[in-house]
Amino acid sequence: MKEKYLQEGKQTAISVEIAELARSIEGEGLDYIFNSLVWLRGYFNNGENHATNMGVDLKEVLMNRTADDIYKSNYHAGCTDYTLLFVTIMRSKKIPTKYVEVIAEEWLDTKNSDSENKIKGHSFGECYLNGKWFSVDATNGSINVYKAYRHFKIFGKGLDCNDLGIFGYDSMKKQFLEFRKNYIESKKQQA
Numbered sequence: 001m002k003e004k005y006l007q008e009g010k011q012t013a014i015s016v017e018i019a020e021l022a023r024s025i026e027g028e029g030l031d032y033i034f035n036s037l038v039w040l041r042g043y044f045n046n047g048e049n050h051a052t053n054m055g056v057d058l059k060e061v062l063m064n065r066t067a068d069d070i071y072k073s074n075y076h077a078g079c080t081d082y083t084l085l086f087v088t089i090m091r092s093k094k095i096p097t098k099y100v101e102v103i104a105e106e107w108l109d110t111k112n113s114d115s116e117n118k119i120k121g122h123s124f125g126e127c128y129l130n131g132k133w134f135s136v137d138a139t140n141g142s143i144n145v146y147k148a149y150r151h152f153k154i155f156g157k158g159l160d161c162n163d164l165g166i167f168g169y170d171s172m173k174k175q176f177l178e179f180r181k182n183y184i185e186s187k188k189q190q191a
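Positions 1 to 191 (the UniProt record's numbering) are the ones given, in order, by the sequence shown.
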């Protein structure tokens with residue numbers, strides 16, 4: 001199963017530029033993962049190079065770009081972009097890595113009528129090293145070894161967003177709302 005997560009997805013194709021970048025980051029195993037996280041923070045100027053700060057419409061780029069697009073643009077649209085680029089770098093280094101999309105339990109449980117416009121999700125990478133999978137939050141630069149998805153429900157794990165059936169903001173919103181509907185129904189049945 002881990003071999004699947006060495007494959008390229010539509011958004012995580014390993015371009016020549018990303019392969020060169022991956023080779024330029026030092027270390028092996030956990031050291032390599034750590035150094036990649038440090039590189040990501042620096043590349044996106046500690047988060048300051050956000051799409052909205054660059055005059056880009058967030059809804060146009062969110063979950064809609066490839067890792068190569070993200071790398072060449074030098075700006076991010078949030079956690080998805082961090083994670084897509086991180087996952088692609090890891091796979092280029094032959095570290096099996098899943099793209100993991102999660103939804104905040106707080107949002108799933110809210111009864112606020114405006115919540116449809118304030119979706120709360122996050123994305124992680126999940127790396128395979130030394131016979132174990134562990135999660136990496138590329139946005140926050142953290143490697144999780146305990147309760148990685150606390151306060152979240154897993155929407156899906158795959159090669160990238162497209163592999164999970166998400167093809168941009170509108171697609172994500174539709175899928176998350178459907179997930180929430182099923183989540184609420186499931187909780188009612190359990191009660």
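All residues carry an ideal CB built from backbone N, CA and C; glycine is no exception. Since this is a predicted model, take the numbers as computed values, not measurements.
Quiz item: Can you list, in chain order, the residues of its chain whose CB lies under 7 Å from that of residue 88, leaving out five sequence neighbours each side?
Solution: 12, 14, 18 and 67
Quiz prompt | Proximity below 8 Å, CB of residue 169 to CB of residue 59 | solution = yes
Quiz prompt | CB-CB length for residue 155 against residue 103, believed under 8 Å | solution = 5 Å
Quiz prompt | Rounded C-alpha distance that separates residue 124 from residue 99 | solution = 6 Å
Quiz item: Do residue 56 and residue 75 have their CB atoms nearer than 8 Å?
Solution: yes
Quiz prompt | Pick from 114, 121 and 157 that is closest to residue 133, judged by C-alpha positions | solution = 157
Quiz item: Along the chain, which unbroken stretches of the beta strand (DSSP E) at least 3 residues long are found entirely within the segment 45-109?
Solution: 97-104
Self-check item: Limits of the unbroken alpha helix (DSSP H) element including residue 5
Solution: Premise fails: residue 5 is in no alpha helix (DSSP H) and is neither H nor E.
Practice problem: Check the DSSP bridge columns for residue 137 and list the partner residues they point to. | Solution: 142
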